[in-house]
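Read the structure below first, then the notes.
Protein chains: 2
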Amino acid sequence: MSKPSTPKGTRDFGPLIMARRNWMFGVMRKAFERYGFEPIETPAMENLQTLIGKYGEEGDQLIFKILNNGDYLNKANEEALESRDSKALTSSISKKALRYDLTVPFARFVVMSRNDLAFPFRRYQMQTVWRGDRPGKGRYQEFTQCDADIIGSDSILNELDLIMLFHEVLSELGVPGYEIVFNDRRLLNGVARACGIEEQFQDFTVALDKWDKIGSDGVRKELEERGFSEVTVDQLMKLFAVLASTDSSQRLAGMKAMFIEGDDEANAAFAEVVELIAMAKASGVPVAQLLFDPTLARGLDYYTGVILEVRVPDAPIGSICGGGRYADLTGIFGWEGVSGVGISFGADRIYDVLEHYDAFPLEAMTQPHALVVQLDEEGRNDALHATQHLRAACVRTVLYPDVVKLKKQLKYAAELNVNFVFISGADERSKAVWTVRNMRNGEQIQFPLEEAVSFVSSELNF
Amino acid sequence: MSKPSTPKGTRDFGPLIMARRNWMFGVMRKAFERYGFEPIETPAMENLQTLIGKYGEEGDQLIFKILNNGDYLNKANEEALESRDSKALTSSISKKALRYDLTVPFARFVVMSRNDLAFPFRRYQMQTVWRGDRPGKGRYQEFTQCDADIIGSDSILNELDLIMLFHEVLSELGVPGYEIVFNDRRLLNGVARACGIEEQFQDFTVALDKWDKIGSDGVRKELEERGFSEVTVDQLMKLFAVLASTDSSQRLAGMKAMFIEGDDEANAAFAEVVELIAMAKASGVPVAQLLFDPTLARGLDYYTGVILEVRVPDAPIGSICGGGRYADLTGIFGWEGVSGVGISFGADRIYDVLEHYDAFPLEAMTQPHALVVQLDEEGRNDALHATQHLRAACVRTVLYPDVVKLKKQLKYAAELNVNFVFISGADERSKAVWTVRNMRNGEQIQFPLEEAVSFVSSELNF
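Quick mapping for you: the protein sequence lines, in order, are chains X and P. With my numbering as the guide, the letters of the first sequence map in order to residues 3 to 464. With my numbering as the guide, the letters of the second sequence map in order to residues 3 to 464.
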């Protein structure tokens, strides 16, 4: 038998990691609900046709397809089989696939459920997604996204809500030094119009988006390679001059100066973004943690307005959250013109950052609080009784299942990392008490059972 | 564009269903942790080799396999391709599959993590599993199992713990009239020895297990078809005579009478089961809800001792939970002789039962509590302020994002099913108050903001 393993890019989560993850998801869930988002879940398996073509050609390649059950070759595309054409064969032997993100399934859900939903519809969704990416630091093939979207409203107050949600959740989680970085596709459109490159908008933003990795010289080179004229490139490079200031308002003003005079669309977007910053500031989001960045473009085609990203500059990882405004997400499923805005918390990367900084709180633990040991067969019913009382008081309790040497049971208690051990032998029984041993300091006190349970509850801050 | 849909056997969960599911999972999670079980999670995708051969031939067919990414035909088994042999081709174009249950991944996890775990190891795991079954009532292709296992101990106290956990969770969930039904493979072995059919044990138990569906005449016929002699069948049919009593002790005694005199193994098991019932009774499990059933066999081969099932006799659905003792679960991954016992809550079926009886509590809701409306642009900052205060007090709050007619906003409040609406116009502003409308009774009261938030918190029983 070969040694058991998990597929590359996937992981087991043991008790400590799980306790921390559950704590993290609990913080998010409570915040989502406080903000009036309601939970939904969609199936892991979607029809392949629901997913294909939604993430670009590269995305299509990274979607995990599920082989049809039974004699799947029976209905396979014969021509593709003959020519050994994997790509052409796929749709004839696979009807289902694993979801690649939560946004496309959400759009499908909204279209299918629209008669049952109140708009604007605010939903949150915390589920696993799967991508056949090459595994690496902070990049898994199976990971969890936590999304909040508001669909059916154009108001900038929704963007404000989501920025505040970022701030609240990341503060509560204790993510150190995070920056909420934002831009607006409409401002980038203004720049493109000013440079006369509306037709090459995607080339422009794809190059711009690499600034983080390749710097302004790299972007210049990339723009030249993509066929932009020297004059245009020079003009576009002014965007980087804006970065000289770390003040969002000054950066915005610098970008505005690039627009063609009288570009109403860009100017309206500018006014909205200025207002957004002012409102966020008034609502308590620290100015230093909300940063306008004109080089932020984000790859996804469907964004049309504000785009958002969260970074932890000192952590050895990329962005930990993202999001933005989309004018028409449900159009792909036949319902056009419904605008929305959404954000996504990258739970696994947030976890990695918190672990990197050793920032998990002590309460993110679910190990048992108490072990009840057994010294002799005569004590079994008392031990069962004590176990039941402790659990009724919400003390997480394990009863050692066998009568073995106390030393062995105490070793187990130490391995379990319990706070207290409950011991009762002939001596304790004759006095109708339990010996309670505090495993943190070795102290032992004897109490009648009820008092022992109260003592432990109060020591555990219940 | 074709109408969007989800694959057969899968479902979307909207806000109401999700709130109820989250409540249900919350009850289970708390109980698991009170009982000292620690959480783990394993990947949805396992190596195909981890899963194949663990669930019988039928199971192998029902496992969802994931197509290799990229040019998968490049490394395909040429012979199988040529002969269009789907079954032979699979392992050459699919290296991964979706987990089919939580038990096999748990066994793999234990073997891989054994140096980091304290034994007896108690874990719980609540995750989705996938099976290519024909969808039907209570049968989905994607569903959630909630498992608790104790591995590394032979003590019957573990069985007791799990029976009490069944009782506690199902009571707390309000599942009406459930019965915890149990048997012991070792007792069935005793019967088989007495009838001289140890070699045909599996044929015997497979037939027996169908009693629920086909009755004793059906089982008789099935046994005859499987080649058992008339004498043996007559002897085996005595098992059904035991069912004449509804008292577990009498049933047990009836079964014991079938054993060969001096069958120490069967008699020892008998003594253990009698003790288990006594302890469960002493621990508060109602006798009428813990039923010994000698016809319960459960299909899975790996069970070797006590086997458990939970039924709701009046609900139109099969068993809602199952479990049992296994002498050697990790042997399939190279670590032999580790005994354990585990149970599984079928979350989707429990949900269906609770829905059937309309038994969900009112608290299983996550709809927003409050809507802050906007009557004019001048009031926006006040509205933002009120929203923030409500949320800080944990009131789930939505701010209506636009200034539109009050009627439209109140209609939205009704659709969201909020408890309270916060209204402020020029009049309220001049008096520095908010009008709070109770949507359940139409009452409106004016308060300063702080008082309004306190009022709402207390009305919501915070």
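For each residue, glycine too, the CB sits at the ideal point set by N, CA and C.
query	result
At 7 Å on the CB atoms, spell out the chain P contacts of Asp73/X, in chain order.	Ser88
Could you tell me which whole beta strand (DSSP E) segments of length 3 or greater appear in the stretch 359-412 of chain P?	372-374 and 399-401
Assign Asp151/P to one of two classes, buried (16 or more other C-beta atoms within 10 Å of its C-beta) or exposed (fewer than that).	buried
How many whole angstroms separate the CB atoms of Val287/P and Leu172/P, which I take to be in contact at a CB cut-off of 8 Å?	Not really, about 11 Å apart at Cβ, beyond 8 Å.
Could you name the residues of the same chain whose beta carbon sits closer than 6 Å to that of Gln446/P, not counting the 5 residues immediately before and after it, in chain order?	Thr437 and Arg439
Determine, using beta carbons only, whether Val423/X and Leu401/X come nearer to each other than 8 Å.	no
According to DSSP, which residues form a beta bridge with Gly326/P?	Ile309/P and Gly344/P
For the stretch 26-39 of chain P, enumerate the residues whose C-beta is nearer than 7 Å to any C-beta of chain X, in chain order.	Glu35, Arg36, Tyr37 and Gly38
Using a C-beta to C-beta distance shorter than 8 Å, which residues of chain X count as neighbours of Leu292/P?	Result: empty, since nearest Cβ-Cβ is about 16 Å, beyond 8 Å.
Compare the C-alpha of Asn191/X against each of Gln376/X, Thr306/X and Val183/X and name the closest.	Thr306/X
Just the chain X side, please: which residues come within less than 7 Å of Val113/P by C-beta, in chain order?	Pro6
Per DSSP, which one or two residues make a beta bridge with Gln131/P?	Residue 131/P is actually Val in this sequence, not Gln. Answer is Phe145/P.
With distance defined between alpha-carbon atoms, name the residue in Leu238/P, Leu377/P, Tyr180/P and Leu254/P nearest to Asp186/P.	Leu254/P
Measure the C-alpha to C-alpha separation of Ala270/P and Lys258/P and round it to an integer number of angstroms.	11 Å
Would a check of beta-carbon distances place Asn481/X closer than 8 Å to chain P?	Nothing about residue 481/X can be reported from this structure: the residues present for chain X run from 3 to 464 only.
At a CB-CB cut-off below 8 Å, which residues of chain P make contact with Phe466/X?	As displayed, chain X neither begins before 3 nor continues past 464, which places residue 466/X out of reach and without an answer.
Any C-beta of chain P sitting closer than 8 Å to the C-beta of Leu284/X?	Per the sequence shown, the amino acid found at residue 284/X is Ala instead of Leu. By this cut-off, Ala284/X is an interface position.
Report yes if the C-beta distance between Thr399/X and Pro370/X is below 8 Å; otherwise report no.	yes
Beta carbons nearer than 9 Å to chain X: which residues of the stretch 129-157 of chain P have them?	Thr130, Trp132, Gly134, Gln143, Glu144, Ile152, Ser155, Asp156 and Ser157
Compute the beta-carbon to beta-carbon distance between Met26/X and Thr12/P, rounded to the nearest angstrom, for a pair I have assumed lies under 8 Å.	About 27 Å; that fails the 8 Å criterion.
For Ser285/X, tell me which candidate among Leu83/P, Met114/P, Gln390/P and Lys212/P has the shortest Cα-Cα distance.	Gln390/P
Looking at the C-beta of Pro45/P, does it have a partner C-beta in chain X at a distance below 8 Å?	yes
Kindly indicate which residue of Asn443/X, Ala395/X and Gly325/X has the alpha-carbon position closest to the one of Thr105/X.	Gly325/X
How would you call Val455/X, buried or exposed, if buried means at least 16 neighbouring beta carbons within 10 angstroms?	buried
Can you list the beta strand (DSSP E) stretches of 3 or more residues lying completely in the stretch 140-207 of chain P, in chain order?	144-153 and 181-186
Pick out whichever of Leu100/P, Phe66/P, Cys148/P and Phe15/P has its Cα sitting closest to the Cα of Gly28/P.	Cys148/P
Sort Asn79/P, Thr207/P, Glu365/P and Phe168/P by Cα distance to Lys97/P and report the nearest one.	Asn79/P
From the beta carbon of Ala273/P, is the nearest beta carbon of chain A less than 8 Å away?	Here chain A cannot be found, since the structure's protein chains are X and P.
Which residues in chain P have a C-beta closer than 8 Å to the C-beta of Cys197/X? List them in chain order.	Per Cβ cutoff of 8 Å: no residues; Cys197/X is ~34 Å from chain P at best.
How close, in whole Å, do the beta carbons of Ala196/P and Phe206/P come, if the pair is a contact with beta carbons under 8 Å?	Rounded, the Cβ-Cβ distance is 12 Å, inconsistent with contact.
Answer yes or no: does any C-beta atom of chain X fall closer than 8 Å to that of Glu417/P?	yes
Is any beta-carbon of chain X found at less than 8 Å from that of Asn269/P?	no
In the DSSP output, what is Gly138/X paired with across the bridge?	Arg141/X
With three or more C-beta pairs closer than 8 Å as the rule, is the stretch 156-170 of chain X touching the stretch 99-116 of chain X?	no
What residues match up with Thr437/P in a beta bridge as DSSP calls it?	Ile425/P and Gln448/P
So with CB distances below 8 Å, who are the chain X contacts of Met441/P?	The contacting residues do not exist; Met441/P stays about 13 Å from chain X at best.
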